[in-house]
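Heads up, the sequence shown is in the UniProt record's numbering, so the first residue is 1 and it goes up one at a time. Note that beta-carbon positions come from the ideal geometry of N, C-alpha and C, so glycine has one too. Structure first, then comments.
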Amino acid sequence: MSTVEAPRTGVRVHVQKLGTSLSNMVMPNIGAFIAWGLITALFIEQGWLQAIFAGLRDPDGWVARIGGWGSYDGAGIVGPMITYLLPVLIGYTGGRMIHGNRGAVVGAIATMGVVAGADVPMFMGAMIMGPLGGWAMKKADALWEGKIRPGFEMLVDNFSAGILGMLLAIFGFFGIGPIVSSFTRAAGNAVDFLVNNDLLPLTSLLIEPAKVLFLNNAINHGVLTPLGTTQALETGKSILFLLETNPGPGLGVLLAFMVFGRGAARASAPGAAIIQFFGGIHEIYFPYVLMKPKLIAATILGGMTGVFINVLFGSGLRAPAAPGSIIAIYAQTAGGSFLGVTLSVLGATTVSFAVASLLLKTDRADDEPDLAAATAEMEALKGKKSSVASTLVAAHRSPVTSIVFACDAGMGSSAMGASVLRKKIRSAGFADIAVTNQSIANLTDTYDLVVTHRDLTDRARLKTASAAHVSVEDFMSSPRYDEIVEMLRTTNSSGDEHSRQDQKDEKQPESAADDVLPLESIVLAGSATSADAAIDEAGALLVAAHAVDPAYVEAMHEREKSVSTYMGNGLAIPHGTNEAKTAIRRTGISFVRYPEPIDWNGKPAEFVVGIAGLGNDHMALLTKIAHVFLDKDEVARLRAATSADDVRAVLTDSK
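The structure is reproduced here in structure tokens:
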């Protein structure tokens with residue numbers, strides 16, 4: 001499970017980050033682009049319904065009013081959507097990325113400034129003003145954080161957002177709007193020059209290598225989507241939407257590997273081809289090109305062929321096709337362009353396949369290509385793991401022998417998560433796989449698989465670079481656990497379905513439970529109404545039991561600020577940070593049940609278990625608690641318990 005760290009130049013990294021940011025603003029709103037594209041396809045003057053209604057006596061009927069064509073003087077739906085809705089959505093999303101809801105609101109207000117101050121759809125302006133609004137609001141909030149008198153918070157928050165939004169809208173109207181309009185016109189003229197001089201196919205020289213290096217988002221979402229949308233508004237379609245999304249070049253490479261490839265690359269190519277062509281996930285073929293860099297020539301020539309055919313037939317899409325699936329492409333294909341689009345995909349696939357086949361067939365390398373290393377290199381270029389690309393190498397990874405569930409302190413959430421995962425893995429027959437828990441600070445790069453809360457995964461990667469990483473959010477019933485089991489069925493030889501691990505480590509004498517969870521630390525009806533108050537209540541029980549010093553309760557709050565201790569199934573297990581272990585006198589657990597669930601960072605917590613652990617003497621009870629909360633009948637017993645003895649009986653029953 002080694003990873004390959006590709007060299008990362010400063011310029012490329014910055015372009016990648018820019019492209020990722022642009023993509024993150026556009027992709028969440030692709031549904032709106034699709035809606036606009038479908039409305040355009042159906043109702044504008046060149047739309048699909050024109051022929052049906054063209055001969056009717058009422059040219060200003062409902063179809064004309066929706067599309068805004070014919071003798072109807074209004075803009076219909078098409079114009080306002082592309083002029084206002086789409087840019088404002090992008091600006092709102094960009095502001096939210098920087099500073100949550102307040103940044104989103106200011107970003108949307110600022111975007112309206114450039115929208116009103118320009119004569120072209122302001123996608124580029126929205127990509128500037130949205131994040132700028134979020135950043136400005138974030139900086140402004142920081143200036144008076146903690147300095148506002150109680151009772152005036154809402155007044156200051158609302159007026160500061162309104163005043164800042166007003167100033168940015170004015171700035172966008174007079175400053176950014178005209179600049180972006182000029183740039184858009186210049187870029188549009190450049191595209192027209194390429195089209196008029198039959199040079200548009202040359203863009204594949206830039207786009208195809210950029211795709212493999214994950215630089216295409218900056219080009220696609222920063223330039224092609226805004227220009228293409230403007231062009232589509234004027235002519236009903238745009239070829240620019242097809243420059244990057246054509247699946248033909250990648251499909252040709254994968255087909256060549258199916259015929260002339262070797263080893264893992266040949267075996268995985270058919271599945272990758274299906275995902276790429278029908279699923280639209282183009283990154284699935286990037287490792288194949290990185291494995292044989294000379295294959296970039298095949299994708300370039302295939303891309304040029306596709307663009308040339310589209311230019312020849314004058315074909316285009318009405319709106320962006322995302323993802324780049326053949327299904328999404330046909331859904332956005334303009335009327336009269338289906339033949340050209342189809343031939344462009346077939347032509348690109350054929351040329352790419354022919355060139356890639358020649359290169360693979362004449363390749364003199366004797367060694368089997370390392371698909372796993374190429375996938376790791378692709379992930380390094382991308383800057384994050386690829387869940388899709390991981391399917392390429394799952395069947396060829398080394399068997400997993402050790403799994404660690406890591407959290408900040410290494411005793412609460414990680415202990416329960418490890419217990420749940422361990423049970424699932426053993427039930428699947430993999431009793432020989434060690435599943436442990438550990439604090440991130442104490443991780444060593446000796447594990448095959450590391451499981452963490454999604455907010456901690458990046459920290460864990462720094463400690464265990466060679467391991468595979470899985471991020472979870474719900475510790476008790478995360479669907480990722482089942483995915484891990486399925487992965488083990490592929491990477492490890494089939495486990496003995498009848499094997500049984502000795503479970504005595506999950507049982508404990510009643511006296512141990514008495515020490516760790518005394519009756520005095522069990523409360524059947526907690527009084528807290530918030531997560532912070534519940535932490536105080538659970539922590540006070542630990543202090544009263546002389547298990548911890550009062551300082552440990554503060555550490556429990558610090559732990560909650562970094563990562564939520566909500567486990568799922570109505571259970572939260574607040575505990576201290578790793579640095580707070582010096583405040584623990586002995587292992588102790590407290591239990592509080594609440595008649596009305598508490599809002600725990602948006603999740604309902606009905607049971608709160610406070611934890612303070614020294615060594616491993618609390619692990620058996622935590623394991624049992626985890627199993628209890630996986631069983632609906634056991635949870636029902638806890639709800640029905642009428643005494644502390646009943647609660648402890650449920651939590652310590654060794655059945």
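The distance from the Cβ of LEU421 to that of ILE484 is about 7 Å, consistent with a contact at the 8 Å cut-off. Contact fails between the stretch 550-557 and the stretch 622-637, because fewer than three Cβ pairs, one in each stretch, are under 8 Å apart. When DSSP states are grouped into helix, strand and coil, HIS575 belongs to the strand group. DSSP places PRO595 inside the beta strand (DSSP E), whose first and last residues are 588-600. Buried is the label assigned to MET124, since at least 16 other Cβ atoms lie within 10 Å of its Cβ. Under the DSSP assignment, HIS469 falls in the beta strand (DSSP E) whose first and last residues are 468-472. Taken atom to atom, the span from the alpha-carbon of ILE573 to that of THR565 is near 6 Å.
Closest option to SER562, judged by alpha-carbon separation, among LEU571, THR577 and ARG480: THR577.
Exposure of PHE174 is indicated by the presence of fewer than 16 other C-beta atoms within 10 angstroms of its C-beta. Put simply, the backbone Cα of ARG185 is about 25 Å away from that of GLY76. The Cβ atoms of LEU638 and ARG593 sit closer than 8 Å to each other. HIS557 carries a helical assignment under DSSP once its states are collapsed to helix, strand and coil. Of all alpha-carbon atoms in ASN24, LEU206, ARG318 and ILE170, the one lying nearest the alpha-carbon of ILE98 is that of ASN24. Judged by beta-carbon spacing, ILE425 lies beyond the 8 Å limit of ALA528, meaning their Cβ atoms are not closer than that value.
Per DSSP, ILE327 is one residue of the alpha helix (DSSP H) stretching across 326-332. Here the C-alpha atom of ALA265 lies approximately 47 Å from the C-alpha atom of LYS138. Between the stretch 227-234 and the stretch 281-288, the count of C-beta pairs closer than 8 Å stays below three; the two stretches do not touch. Counting only residues of its own chain and dropping the five nearest sequence neighbours on each side, GLN332 has a CB closer than 6 Å to the CB of GLY37, LEU317, ARG318, ALA319 and ALA321.
By the C-beta density criterion, ILE433 is buried, having at least 16 other C-beta atoms within 10 angstroms.
DSSP, read as helix, strand or coil, puts LEU517 in coil. Across the set MET81, HIS546 and MET112, the C-alpha of MET112 shows the shortest separation from the C-alpha of GLY172. In the assembly as shown, LEU462 is an exposed residue. Its beta-carbon has fewer than 16 other beta-carbons within 10 Å. Rounded to whole angstroms, the separation of the alpha carbons of ASN601 and GLY261 is 50 Å.
The three-state secondary structure of MET567, taken from DSSP, is strand. In this structure, SER325 sits near GLY280, with a CB-CB distance shorter than 8 Å. Counting along the chain, LYS138 sits inside no beta strand (DSSP E); it lies in the alpha helix (DSSP H) bounded by residues 123-143. ALA348 has its alpha-carbon roughly 14 Å from the corresponding atom of SER357. Inter-residue distance for THR464 and LYS603 is about 31 Å (C-alpha atoms, whole angstroms).
The beta carbon of ALA272 sits closer than 7 Å to those of LEU254, ILE284, TYR285 and LEU392, all from its chain and outside the five residues before and after it, given in chain order.
Between GLY302 and GLY248, the CB-CB gap stays under 8 Å. DSSP, reduced to helix, strand and coil, places ALA118 outside both helices and strands of the structure shown, so it counts as coil. In this structure, PHE313 is the residue among ILE403, LEU224, PHE313 and LEU164 with its C-alpha nearest to the C-alpha of VAL341.
By the neighbour-count criterion, in which 16 or more other beta carbons inside 10 Å mark a residue as buried, VAL212 falls on the buried side. Burial state of VAL259 is exposed, judged by a 10 Å Cβ sphere holding fewer than 16 other Cβ atoms. By the neighbour-count criterion, in which a residue is buried when 16 or more other Cβ atoms sit within 10 angstroms of its Cβ, LEU243 is buried.
Here the alpha carbon of PRO518 sits roughly 14 Å from the alpha carbon of VAL650.
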